[in-house]
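Take a look at the structure set out below.
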DNA sequence: GGCGGAGGATTGTCTGACAACCCGTGACAG
DNA sequence: CTGTCACGGGTTGTCAGACAATCCTCCGCC
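Chains as they are written, first to last, in the numbering used here: chain A, -8 to 217; chain B, -8 to 217.
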């Protein structure tokens, strides 16, 4: 009935339209076009994304899934907004969770997990200074994801989407929070060094610097609880 | 930091139908009527639950949200299934996460968090031996949720649904895994005692007994057969 | 000025349909 | 006999339009 579509369908699971919607909205949040607290009204949004309302709602449900959006019955979807205490909680909780990953990496005798970690570093290193700020953001996020993935702890992997979403929102909270890419690069480098050196106290200290201090900085920027 | 404008479950006067679907399916998983790996076909399921396919799909998406189900494009929804390594990861990860909560509880000078914890214990104590096994399960789960909630750490609260779902699946993995309610009751009691005594090493040991040992036990049960 | 109710706007749900896709089956060539 | 490929049934993904339930705003009334 047709010429053979010789091209191997590039994506093994092609064309769920809602995926496009999901990435589109996620990008809008990362880029600050959608800010925490913004309400999403379905009909105009569906029209602007050229999908039906049902498909849009499926995509929105997926975003609620990792906490990027919140849904209140009969009141609709809106971008998650974090209180200052929530921001501190995120930072304070991420440090011990990262330490769980680090422990798993260091307790692996084969060295494979360290290899995974260094690979994550390499990929970050290549994209950390990309001109596209979206790529920079993804590189940063992927590095932290790589740290958890290198632990080969499936529980952490399941918890990652929620964690990533919270961190994304935290950064999006302050639009002006364009953290200096060189600074993130340096922190990540120092962290890798400490892990390779297997210096647990140093690892913890550097995680603390990277995460908690950054959060406190965000909070001071935010200032008057606006 | 005194009066938190409490957010009472602001019921929207009527329950969205998908909530009923969600609890129905969740109950089926808890009760072992749906077992890990089972596939859910939409049309018969929607008919049996007396909702439209669209509403059913919204409910299924919500369940994917906390990890109780997995969705593969064009292959449908199925109950999450965990490998033995995943089961170990869950147990091994929950202990340090519970410790995060415990630290937050103990670092609260006002004693309010301890009060919340004891309240959670009371509610567990009242339902631990309920004749309905579903109530028993909920009492157990609510106790652990109460531990995290008592920490007043909003990040942990966000991570809870995923954690709960993983633990639920882990227990559902082996249908024969009705844990002796008296045993759970004793463990929880011992844990509370250790926390009140502020004995950190003892707390950790008892968490380990309750979580990791239970997981290993599940694995030996499962390993013999299968 | 405060209160209560009408009206519009928005979300929740339904029905029915069609397109896209997966999988098992069986014909066919080697 | 074996591997490949087309075919068809079954299932999921998406659409359109419609109606009910709920929220929100504003206006008249006391």
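A virtual CB, placed ideally from N, CA and C, is assigned to each residue, including glycine.
Just so you know, these numbers come straight off a predicted model, no measurement behind them.
Within chain A, the C-beta atoms nearer than 8 Å to that of residue 49(B) come from 48, 49, 52, in chain order. Sorting 199(A), 98(A), 23(A), 40(A) by C-alpha distance to the C-alpha of residue 11(A) places 40(A) at the top. Interface annotation for the stretch 99 to 126 of chain A against chain B: empty, criterion Cβ-Cβ distance under 9 Å. Rounded to the nearest whole angstrom, the CA to CA distance from residue 13(A) to residue 121(A) is 23 Å.
The beta-carbon of residue 203(B) is placed no less than 7 Å from the nearest beta-carbon of chain A. Under DSSP, the beta-bridge partners assigned to residue 69(B) are 30(B), 61(B). By the neighbour-count criterion, in which 16 or more other beta carbons inside 10 Å mark a residue as buried, residue 70(B) falls on the buried side. Residues of chain B whose Cβ lies closer than 9 Å to the Cβ of residue 91(A) are, in chain order, 83, 84, 87, 88. A direct Cα-Cα distance of roughly 14 Å separates residue 17(B) from residue 49(B). For secondary structure counted as the alpha helix (DSSP H) over 4 or more consecutive residues, the stretch 183 to 214 of chain A holds these complete runs in sequence order: 191 to 199, 205 to 213. The contact set of residue 77(B) on chain A, defined by CB atoms closer than 8 Å, consists of 145, 146 in chain order. Residues of the stretch 147 to 165 of chain B whose Cβ lies closer than 8 Å to any Cβ of chain A, in chain order: 147, 149, 150, 153, 154, 157. The criterion of a C-beta distance shorter than 7 Å is not satisfied by residue 111(B) and residue 142(B). One Cα belongs to residue 124(A), the other to residue 42(B), and the distance between them is close to 44 Å. Taking the C-beta atoms as reference points, residue 131(A) is found no nearer than 7 Å to residue 151(A). Membership of residue 13(B) in the alpha helix (DSSP H) is indicated by the continuous run 8 to 21.
Within chain B, the residues whose beta carbon sits less than 7 Å from that of residue 56(A) are 55, 56, listed in sequence order.
Each of 47(B), 24(B), 27(B), 26(B) was checked against the Cα of residue 35(B), and the nearest Cα belongs to 47(B). Using a Cβ-Cβ cut-off of 7 Å, residue 45(A) counts as an interface residue toward chain B, since at least one Cβ of chain B sits closer than that to its own. Interface flag for residue 7(A) against chain B is set, since a Cβ pair is found closer than 7 Å. Within the stretch 99 to 178 of chain B, the alpha helix (DSSP H) runs of at least 4 residues that lie entirely inside it are, in chain order, 103 to 118, 124 to 141, 145 to 164. Here DSSP, grouped into helix, strand and coil, assigns residue 86(A) to helix. Residue 80(A) places its beta carbon less than 7 Å from that of residue 145(B). Residue 190(B) has a beta carbon lying at 7 Å or more from every beta carbon in chain A.
For the stretch 17 to 35 of chain A, there are no residues whose beta carbon sits under 7 Å from a beta carbon of chain B.
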